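Residue numbers (the working numbering), protein chains in the order written: chain E, 1 to 464; chain H, 1 to 170. In this text, a Cβ means the ideal position worked out from N, Cα and C, and glycines have one as well. The structure displayed is predicted, hence computed values, not measured ones. Taking it in order: structure first as structure tokens, then the write-up.
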Amino acid sequence: MGTSKKRLIARFAVDRGDRFEILTRFENEAIQSERIDREKAKAASLMPRYPAAVWFERKIMDDFGIRFEGAFDTRPLLHHERWPEAIHPMRRDFDRDMVLEEAPFRSYRYAVVGGEGVFEVAVGPIHAGIIEPGHFHFSQAGEEMLHQEVRHFYKYRGIEKSCEGKSLTQAAPIVARISGNESVAAQIALARIAERASDTQTPTPQRARQALLLELERIIHHWTDLGFIPNDAGFAAALAYASARAEEARRLMAALTGHRFGFDAIFSGTEDWDKATINAWIERNFEAIEWFESWITDIPSLWDRMDTTGILKRAEALRYGCVGVMARASGLERDVRMNDPFYTERGFAAALEESGDVAARFKIRIAEIKASLELMRRFAEEAEAEPYRIAEPRDGAYDAFVESSLGELYLYVELEAGKITRLFFRDPSFVNWQALPTLMPGNIIADFPLINKSCDLSYAGNDL
Amino acid sequence: MFRYWQRRFKTGVLTENPQLDERLSDLRKRLKKGIAKHFAGSLAIRMVDSGSCNACEAECNALSNPYYDLERLGVHFVASPRHADVMLLSGVLTMNMLPHVLDAWEQIPEPKWCITLGDCPMLDSPIERTFAVKGPAGEHLPVAYHIPGCPPSPEAILEGLVGFLETMEN
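So, in structure tokens, the structure goes:
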């Protein structure tokens with residue numbers, strides 16, 4: 001594939017007043033900084049070497065008005081057809097009270113395949129089911145998908161900007177609501193940053209509390225998917241079973257945090273935990289996942305649909321720097337928890353599959369529910385119900401990684417006089433969405449919902 | 001599948017909130033004429049997310065799990081706005097979603113109602129009104145009923161939908 005072996009984690013800009021700075025984070029390296037002249041507002045593109053740089057750089061173009069030399073894709077990303085031109089909201093001098101008026105419609109040029117008999121299918125932003133909005137643009141040869149473009153940011157709420165000028169404590173409720181599926185993970189990322197900024201270490205009982213809630217969040221998400229993936233292949237019985245287990249897990253979350261999604265749970269709540277309830281739930285869930293696995297493994301018509309469908313090749317996963325379930329189902333051992341002694345000392349090992357298809361992602365989710373239950377057993381012994389309190393932070397730049405239910409979540413925060421001057425949030429989905437089109441060729445469009453659900457990426461976390 | 005049915009019979013019925021059945025059957029009697037006229041016996045909902053965190057959607061999906069079993073009440077989610085009586089709107093109405101939300105609303109045949117779901121459409125949630133946000137929903141749509149919460153629990157949504165139907169009495 002001719003690309004570098006380094007993994008691109010994030011690339012984003014910061015306004016320094018008299019200049020811009022582009023920060024790039026590669027795996028196992030310190031953040032690289034490029035100084036960008038404010039007037040020229042030009043940088044060299046990484047797109048040709050790192051395909052995941054495409055969205056990072058297009059986002060910087062919209063946010064800051066910086067152009068990239070050598071970029072092969074310069075279409076707006078966040079700013080859709082009706083955005084006024086030359087609006088760059090992440091610049092410091094952007095008037096935050098400005099009410100944007102709709103500008104005349106400028107059409108978006110989709111990347112499509114041409115040729116005789118090739119036609120386009122446009123799906124979304126509003127989809128048929130109860131799901132988040134996003135647009136998928138297919139180039140079809142009959143039933144077969146030749147190409148797909150993923151177009152997102154319909155849910156773009158301006159979250160990064162709205163966190164600026166706030167203290168970490170003030171920003172916490174917003175961060176908790178970036179993506180409902182990963183609320184606990186995002187809050188823990190913020191807690192890690194608060195910890196670093198105040199030179200403190202979270203005591204083990206509190207850390208165990210956070211980690212327990214994070215695994216519970218993962219279990220909820222995986223059970224939901226274990227129902228919806230077969231349902232998208234027409235096997236509704238699995239949804240009836242798995243959705244009931246997801247509901248029971250949500251109720252445990254509500255019992256432990258006072259909220260079914262654990263919103264604000266990392267920083268609030270003091271109720272004592274009833275360890276007997278937690279342990280009884282863990283054992284019931286163990287029995288449930290084992291029964292589910294033995295039952296569903298025996299449904300050949302379902303595996304007919306899942307085996308060899310929507311393959312993410314290992315080489316593509318590497319090229320895009322995929323994370324989370326998608327990476328692990330394609331033979332990449334990538335999990336933030338693997339590099340954290342807090343987890344490895346408690347016997348954690350990442351789940352791994354090689355085939356990269358829907359079936360592999362399905363199996364990873366089953367394996368990870370079991371692994372998360374094992375971890376919850378350990379954490380339940382050590383955890384105390386005391387929430388994390390944010391101490392007085394020092395000014396500076398801090399970042400943190402957390403393995404959310406979707407994969408590696410990256411958060412970067414700069415603080416000045418105790419207030420956030422820049423918050424950058426990279427959802428695991430932001431890189432994984434970009435790799436999604438590589439799963440389509442060779443598959444029929446009727447399998448798209450199944451493939452998409454097996455990845456189950458976030459729109460809200462991606463769009464911000 | 002034998003194993004499945006074995007487990008199914010062992011598990012029994014998980015569905016809760018039987019009081020809603022009673023309230024609804026009572027309501028059905030009272031609203032017989034109105035429901036027949038407005039909804040042909042059942043309420044069809046088109047859920048539209050205009051920029052939420054996905055928690056409201058997750059709770060709507062939870063309504064179909066065995067614990068809540070929404071459809072037994074004659075309420076169901078539909079794929080096309082043209083099949084809908086009600087638009088259930090979540091999210092803060094982003095600049096990028098507003099035209100599509102209005103499109104969907106236009107496609108719903110009269111008579112129609114817009115119910116807002118969760119604190120976001122009212123801009124009551126921690127998600128702020130920024131340059132990218134066009135909420136509150138009331139500035140763009142005739143909101144007939146509001147179900148608060150961040151997110152509203154499945155019970156709260158059920159209560160809200162029954163509460164909405166009760167407003168039809170007047």
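With 16 other Cβ atoms within 10 Å as the buried cut-off, status of residue i
i	result
E479 of chain E	With chain E represented from 1 up to 464, any question about residue 479 of chain E goes unanswered, as that position is not in the structure.
F267 of chain E	buried
R25 of chain E	buried
P428 of chain E	buried
Q187 of chain E	buried
P48 of chain E	exposed
Q434 of chain E	buried
P205 of chain E	exposed
W281 of chain E	buried
P81 of chain H	buried
P341 of chain E	exposed
T438 of chain E	buried
Q6 of chain H	exposed
Residue-chain proximity (residue i, chain H), Cβ-Cβ < 8 Å
i	result
W291 of chain E	yes
K181 of chain E	Checking the sequence shown, residue 181 of chain E turns out to be Asn, not Lys. For N181 of chain E, the answer is yes, since a Cβ of chain H falls inside 8 Å of its Cβ.
P89 of chain E	yes
R106 of chain E	no
K161 of chain E	yes
P300 of chain E	no
D173 of chain E	The question names Asp, but residue 173 of chain E is Pro in the sequence shown. Chain H contact via Cβ: present.
S243 of chain E	yes
R82 of chain E	yes
F263 of chain E	yes
D456 of chain E	no
Under 7 Å by beta carbon: chain H residues contacting residue i
i	result
W295 of chain E	R3 and Y4
E247 of chain E	A62, N65 and Y67
A460 of chain E	S52, C53 and N54
A237 of chain E	Y4
Residue i at chain E interface by Cβ criterion, 8 Å
i	result
T116 of chain H	no
M97 of chain H	yes
V86 of chain H	no
T15 of chain H	no
R7 of chain H	yes
E128 of chain H	yes
A44 of chain H	no
Amino acids of chain E, ordered along the chain, whose beta-carbon sits closer than 8 Å to that of residue i
i	result
H171 of chain H	For residue 171 of chain H there is no data in the structure shown, the boundaries of chain H being 1 and 170.
P109 of chain H	Per Cβ cutoff of 8 Å: no residues; P109 of chain H is ~17 Å from chain E at best.
A58 of chain H	G180, N181, T224 and F261
Amino acids of chain E, ordered along the chain, whose beta-carbon sits closer than 7 Å to that of residue i
i	result
S153 of chain H	R260
F77 of chain H	I130
F131 of chain H	P89, M98, L100 and G158
M47 of chain H	I130
S125 of chain H	R177
R72 of chain H	In chain order: nothing, as chain E lies at least about 14 Å away.
V92 of chain H	R157
Neighbourhood of residue i by C-beta, 7 Å cutoff - its chain only, sequence neighbours within 5 removed
i	result
V143 of chain H	C114, T116 and A137
R106 of chain E	E81
G124 of chain E	P133, G134, H135 and F136
M1 of chain E	For M1 of chain E, the predicted model reports a pLDDT of 44, less than 50, meaning its position is unreliable; a value from the coordinates is still stated below. Cβ neighbours of M1 of chain E beyond the five flanking positions: A315 and R319.
V323 of chain E	R334, G407, E408, P428, V431 and N432
R35 of chain E	R19 and E21
D232 of chain E	P449, L450 and K453
L77 of chain E	W55, R58, K59, D62 and F153
Per DSSP, the bridge partner or partners of residue i
i	result
W303 of chain E	According to DSSP, which records beta bridges pairwise, W303 of chain E is partnered with nothing at all.
I420 of chain E	E:L415
W113 of chain H	H:V86
A466 of chain E	The requested residue 466 of chain E is not part of the displayed model; chain E covers only 1 to 464.
H76 of chain H	H:A44
M145 of chain E	E:Q140
A10 of chain E	E:R25
Other residues of its chain near residue i: CB distance less than 6 Å, five sequence neighbours each side excluded
i	result
I31 of chain E	L23 and R25
R426 of chain E	A10 and Y410
A104 of chain H	V48 and P81
G331 of chain E	R314 and E354
G258 of chain E	G269
T3 of chain E	Below a pLDDT of 50, predicted positions are generally treated as unreliable, and T3 of chain E, at 47, falls in that range; no measurement from the model is reported.
Neighbourhood of residue i by C-beta distance below 8 Å, restricted to the same chain and skipping five residues each side
i	result
L158 of chain H	N17, L20, L63, Y68, L70 and L73
M122 of chain H	T116, G135, P136, A137, G138, H146 and P148
Within chain H, partners of residue i - CB distance below 8 Å
i	result
A240 of chain E	N65 and P66
Residues that residue i contacts on chain E, provided the C-beta gap is smaller than 9 Å
i	result
A191 of chain H	The structure shown has nothing for residue 191 of chain H, since chain H only spans 1 to 170.
Closer than 7 Å: residue i CB and nearest the ligand FAD heavy atom
i	result
E345 of chain E	Among the ligands in the structure shown, none appear at all, so the ligand FAD cannot be discussed.
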